[in-house]
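Working notes, structure below.
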Amino acid sequence: MSRSKKTRKGGENSPKLQPRVKKQDRAVATGKRKESGNKSGSRHNEGLILAQAPQQTATQKKDPRHGSKKPVALAIPAATETTQTAKAKQPKLTDEQKLLKLEEDPRLNQLLDMLEEGRNLNDADQKWLDQQLNKIEALMIKLGISDELDEDVPASAKALSDDELFDKFESGADLLKDYQDKF
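For any residue, its number in the numbering used here is found by taking its place in the sequence shown, counting from 1, and adding 15.
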């Protein structure tokens, strides 16, 4: 096999060289770049810089590192009561208002209508409905309101004549007993 000598010429597959630029054009491209930023010592020599260029004071910004403008108390303040502005609390609802609010709940009414139609409720709705009905029942007991007819009224209270009723009213003994039984 014959030996071929290496050359520096790449041939047709080699990367192409950039075209030659004249020396005058090269000087412009490689000139000194414009400096950005402040010159050295500009932070420490502010007074000197301001004296040299007084007309630029309006345009030049102050260094934000020169401290806060917030006043600092030098003495420890006496124990002052901090008055916190609490949120305006809504007045507590009375039991009657709570009961009305629960009874007027649209979701409760919708679920009760669904039950009356014979539909089945999912577990979450059924649980919520039971909780609301228990709250309503507890409030009604607390207020002394009952849905059902009073079953504890004795059956011996038959129709009394007008005279007997008038005597009972005047005696007031039964009213006193009823009052004592409540408390």
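Don't be surprised by glycine CBs; every beta carbon is placed ideally from N, CA and C.
{"Query": "Run through DSSP, which three-state label would residue 170 get?", "Result": "Residue placement at residue 170 is poorly supported in this model, since its pLDDT is 45, which falls under 50; the coordinates are not used for a value here."}
{"Query": "Just curious, the alpha helix (DSSP H) that residue 34 is in, first and last residue?", "Result": "It is not in any alpha helix (DSSP H) - residue 34 carries neither H nor E in the DSSP assignment."}
{"Query": "Kindly list the residues whose CB is nearer than 7 Å to the CB of residue 126, restricted to its own chain and excluding five residues on each side of it in sequence; keep chain order.", "Result": "136, 140 and 144"}
{"Query": "Taking the alpha helix (DSSP H) that residue 105 belongs to, which residues open and close that run?", "Result": "Counting along the chain, residue 105 falls outside any alpha helix (DSSP H), and DSSP gives it neither H nor E."}
{"Query": "For residue 23, name the three-state secondary structure that DSSP assigns.", "Result": "coil"}
{"Query": "Is residue 151 closer than 9 Å to residue 190 when the C-beta atoms are compared?", "Result": "no"}
{"Query": "Do you know how far the Cα of residue 26 is from the Cα of residue 53?", "Result": "51 Å"}
{"Query": "For residue 154 and residue 120, which I take to be in contact (beta-carbon distance under 8 Å), what is that distance rounded to the nearest angstrom?", "Result": "In fact, because the Cβ distance is near 13 Å, the residues do not count as touching under 8 Å."}
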